[in-house]
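Quick note: the sequence shown, position 362, residue 362 per this note's numbering, numbers continuous.
Heads up, the beta-carbon is just placed ideally off N, CA and C, and yes, glycines get one too.
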Amino acid sequence: MKRIFLTLTLLSATLVMTAREHRLWYNQPAQTWTQALPIGNGVMGGMVFGTPAVEHIQINEETIWAGQPNQVVNPNAKAALPEVRKLIFEGKYKEAQDLANAKVMPNAIGQNMGMPYQPFGDLYIAMPGHAVYQNYERWLDLDEAKSVVRYSVDGVQYERETIAPLGGHQVIAIRLTASEKGKITFTANMTSPHENVLMGSEKLKVKSEEFATATLLGVSSKHEGLKGKVRFMGRMAVQTKGGKVSQSNGIISVEGANEATLYMTVGTNVKNYKDITGDEAQQSRERLSGAMALGYEALNALHTETYKKYYDRVKLDLGEDQFEKVPMNKRIEQFGKVTDNHLVATYFQFGRYLLISSSQPDNMNPANLQGIWNDKMFPSWDSKYTTNINLEMNYWPSEVTNLTELNEPLFKLIREISETGKQTARDMYGAEGWVLHHNTDQWRITGPVDRAQTGLWPTGSAWLCRHLWEHYLYTGDKDFLRQYYPIMLDAARFYSQTLQKHPTKGWLVVCPGESPEHGGKGRPTPLDAGVTMDNQIVTELYTNVLEAAKIIGNNDALLTTIAEQLKQLPPMQIGRWGQLQEWIDDLDDPKDDHRHFSHLYGLYPSYQISPNRTPDLWKAAKVSLEARGDVSTGWSMGWKVCSWARLLDGEHAYKLIKDQLTLTADTFLIFGATKQRGGTYPNMFDAHPPFQIDGNFGCTAGIAEMLMQSYDGFIYLLPALPAVWKDGSVKGLVARGGFEIDIDWKDGAITQAVIHSRKGGDCRIRCDKPLKGKGLKKTKEAGVYLLSTKPGGHYQLR
Ligand code: FUC
């Protein structure tokens with residue numbers, strides 16, 4: 001009996017281990033970069049093409065950026081800004097814009113506009129005789145975070161497993177196996193698109209064994225007059241079972257091995273945003289030997305364990321996989337026509353996978369505009385950090401989908417720009433505190449870039465501060481709040497000294513500011529004063545600082561000032577067609593379908609607009625969003641999923657998921673010939689177009705928001721469930737207040753919910769359907785229940 005039980009247990013354990021829940025599966029190699037599959041550990045990123053005859057892995061390392069430590073501030077700005085403000089207040093917007101472009105913007109005096117993130121290069125593995133193959137398949141396994149390629153040649157089955165291991169070893173490892181002994185024969189080499197790279201070779205001692213390594217040394221590019229000074233060294237070596245290994249001219253050859261693992265890494269001289277005195281050769285040696293000393297099995301075990309620690313926290317089941325054998329590109333293509341709920345769950349988990357793979361706690365940089373995956377020397381928008389929505393959107397899923405530690409590189413960036421932003425505040429505005437405009441990069445620039453009409457927007461700093469406060473709300477970590485409070489306070493200090501009294505309205509306003517990146521009807525430029533989004537952002541920062549001060553017991557003199565100023569900030573206004581006004585004047589055009597709908601910042605990510613507290617504004621926000629339309633750029637649609645979820649309209653949110661999961665053809669766009677619309681590439685990357693990762697993250701957060709929301713002191717269970725997700729379950733979403741939420745539902749109604757309380761405390765639950773559970777009390781308000789929890793308590797509701 002005992003033995004039978006043991007066998008059954010082992011069997012079910014094996015079944016659990018082998019059950020594949022989510023993968024991106026294809027039956028052809030990638031022809032293009034947006035068909036290749038991303039792997040990453042936040043430091044190293046790889047795009048695996050899976051071509052049998054010549055495997056191609058495009059390689060990134062997070063610190064390879066053009067240029068060198070750098071700041072951009074126009075010394076004429078301080079003198080010119082009062083005049084720019086005056087012109088705006090006089091309604092001379094065009095003149096204000098011209099003056100700002102001539103005197104305020106750093107590029108007016110030949111300074112650069114921030115540096116691009118650049119690729120390392122490419123790794124190729126050529127296998128002679130593999131041009132003709134059968135039984136081909138490749139996939140990205142989201143449950144185990146690995147890429148697998150499998151095919152056969154002359155009856156021998158070959159397999160390549162590629163990982164970018166988590167757990168502190170910054171390499172990419174490719175294990176090549178075959179169903180027969182002695183069949184692994186290949187040559188491997190690295191190339192780079194950078195100029196004047198040097199190939200080399202070197203012996204590397206790993207434990208007591210010596211390995212031949214091939215190296216590639218390069219330096220990042222000069223850009224907009226700033227010399228490239230990031231030195232990088234790629235390095236690779238191979239471990240084999242059987243066969244012969246040789247190395248010459250940067251090429252590693254393996255002949256007749258039973259099995260081989262190729263390890264590849266990159267070291268750079270970047271120590272931090274202001275120090276590039278590191279030793280790239282030494283770092284590449286250390287990275288490679290550390291991983292090789294462990295060996296593939298141990299490296300992979302550590303990788304899987306580390307990965308699962310994050311990934312397994314949330315499970316989403318929207319139904320069985322009906323299309324397991326349909327390649328992912330086809331599934332995306334047919335999604336608008338057939339119901340494929342499993343695809344939505346996979347897209348959601350892919351978003352979490354991308355954050356785990358591009359934003360690890362000890363990284364130098366947070367996930368950039370493309371995460372860490374970029375094959376272009378000069379990618380769109382430099383693949384840097386756009387802070388008028390894109391960087392923030394990358395981190396929308398981090399708390400709610402239970403990946404809180406992955407915020408760490410974002411918090412590090414905020415710490416660093418709060419240093420560099422002091423100089424910008426002082427030199428540009430003559431103000432204390434710190435400021436960030438609409439872009440930053442590895443060098444943590446904080447001055448305005450591009451044209452005044454997009455770049456002269458000084459509320460990036462305040463927006464980023466909301467991530468600090470929200471982290472506190474989710475975790476209740478007072479030490480964290482104490483550590484970051486000075487940064488929030490100093491961000492507020494900047495506005496406290498730069499807000500202007502509006503000459504006709506009397507309110508205190510940000511000026512110049514703008515509703516990114518467009519102006520109201522009849523305005524020649526976005527440059528303006530007191531736009532709704534700026535008001536909301538400053539309101540939120542001030543409110544959070546005052547709240548935080550109470551929690552940590554701070555009584556800085558500034559608090560009195562900002563409490564006073566808070567009362568003088570412009571309120572949100574409802575305009576002539578019932579819309580939420582985007583600008584201080586009623587300039588909204590009902591035909592405006594601009595991708596940014598910044599005045600709805602107050603609806604999501606913020607919750608200044610809510611159905612319970614501000615029902616009129618909430619209705620007005622709906623009117624605005626309805627008018628904006630659905631189809632747009634990728635990130636805009638991801639944001640709309642979140643926003644429709646906050647408008648408690650699951651059907652409209654789902655419609656946007658369909659719009660987002662529309663296959664984007666991988667063809668060349670002839671400039672001007674095609675109206676750009678967003679969608680999803682065959683590899684599930686979001687298409688702005690081109691690829692921008694924010695859309696993946698925005699939609700992931702939106703899916704979570706459809707299932708559970710938390711603000712106004714409530715936890716909403718299934719607030720925006722579309723009819724098509726009739727039955728399902730979600731486990732491990734996180735609500736503000738530190739509650740972990742599991743929900744099961746059938747026919748659209750909750751069958752069970754479990755609240756796991758991390759810190760104890762009361763929670764109010766809002767749910768349309770009647771709920772019962774131990775300790776759950778009905779309140780006077782219909783559909784609202786009160787639950788008192790203990791730290792570590794689990795509460796089952798039905
Ligand atoms: C903002 C957006 C663009 C793009 C860029 C990276 O400027 O308006 O659509 O996403 O960031």
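Residue i CB to nearest heavy atom of ligand 1 below 7 angstroms
i: LEU369; result: yes
i: GLN660; result: no
i: ARG451; result: no
i: HIS688; result: yes
i: ASN60; result: no
i: ASN394; result: no
i: TRP463; result: no
i: HIS599; result: no
i: GLU651; result: no
i: GLU517; result: yes
i: ASN390; result: yes
i: ARG287; result: no
i: THR561; result: no
i: THR680; result: no
i: HIS596; result: yes
i: TRP879; result: Nothing about residue 879 can be reported from this structure: the residues present for the chain run from 1 to 798 only.
i: TRP381; result: yes
i: TRP635; result: yes
i: THR454; result: yes
Buried versus exposed call for residue i [16 or more other C-beta atoms within 10 Å across all chains shown]
i: HIS800; result: Nothing in the structure corresponds to residue 800, since the chain is present only between 1 and 798.
i: GLN282; result: exposed
i: ASN555; result: exposed
i: ASP616; result: exposed
i: LEU198; result: exposed
i: LEU661; result: buried
i: GLN360; result: buried
i: ARG595; result: buried
i: LEU15; result: Low local confidence applies: a pLDDT of 43 at LEU15 is under 50, so the model's placement there is unreliable, with the coordinate-based value given in what follows. The residue is exposed, with fewer than 16 neighbouring Cβ atoms inside 10 Å.
i: ASN135; result: exposed
i: PRO82; result: exposed
i: VAL545; result: buried
i: ILE755; result: buried
i: VAL400; result: buried
i: SER246; result: exposed
i: ILE670; result: Model confidence at ILE670 stands at a pLDDT of 46, short of 50, so the residue's coordinates are unreliable; what they give is reported in the following sentence. Under this definition ILE670 is an exposed residue.
i: ILE551; result: exposed
i: HIS794; result: exposed
Minimum C-alpha distance to residue i - residue among the options
i: MET488; options: PRO512, GLN423, LEU559; result: LEU559
i: GLY679; options: SER418, TYR711, VAL631; result: VAL631
i: PRO611; options: TYR716, LEU541, LYS550, LYS658; result: TYR716
i: GLY295; options: PRO165, LEU499, PRO516, ASN269; result: PRO165
i: ASN189; options: VAL171, GLU144, MET264, VAL149; result: MET264
i: PRO409; options: ASN272, HIS303, ALA145; result: ASN272
i: ALA687; options: ASP659, THR268, HIS502; result: ASP659
i: ARG352; options: ASP141, ASN535, TRP434, SER515; result: ASP141
i: LEU707; options: GLY513, VAL509, SER418, VAL641; result: VAL641
i: GLY634; options: MET236, ASN390, ILE163, ARG523; result: ASN390
i: MET428; options: LEU468, ASP375, THR498; result: THR498
i: PHE494; options: VAL84, ALA145, LEU541; result: LEU541
i: THR32; options: ASN374, VAL238, GLU547, HIS130; result: ASN374
Residues that residue i bridges to, as DSSP identifies them
i: MET264; result: ILE172, MET236
i: TYR158; result: TYR151, ALA178
i: THR213; result: GLU202
i: MET190; result: LEU123
i: TRP25; result: TRP139
i: VAL219; result: ARG231
i: MET47; result: PRO38, GLN58
i: LYS591; result: LYS591 is not bridged to any residue.
Chain C within 8 angstroms of residue i, Cβ atoms only
i: TRP33; result: Among the protein chains of the structure shown there is no chain C, as only one such chain exists.
Near ligand 2: residue i beta-carbon under 7 angstroms from a heavy atom
i: GLN752; result: Questions concerning ligand 2 fall outside what the structure shown contains, since the ligands it does hold are ligand 1.
Worksheet entry | alpha helix (DSSP H) runs wholly inside the segment 694-741, at least 4 long, in chain order | 694-707
Discussion item. Extract the residue ranges of the beta strand (DSSP E) inside the segment 248-320, only unbroken runs of 3 or more that lie entirely within it.
Written reply: 251-257, 259-268, 315-317
Item to complete: Entirely within the segment 453-541 and at least 4 residues each: give me those alpha helix (DSSP H) ranges in chain order.
Response: 460-475, 478-498
Practice prompt. Tell me the start and end of each unbroken beta strand (DSSP E) in the segment 750-786 that is at least 3 residues and wholly inside, in chain order.
Written response: 761-766, 776-778
Worksheet entry | Runs of alpha helix (DSSP H) lying entirely within the segment 387-418, each at least 4 residues, in chain order | 390-394, 397-400
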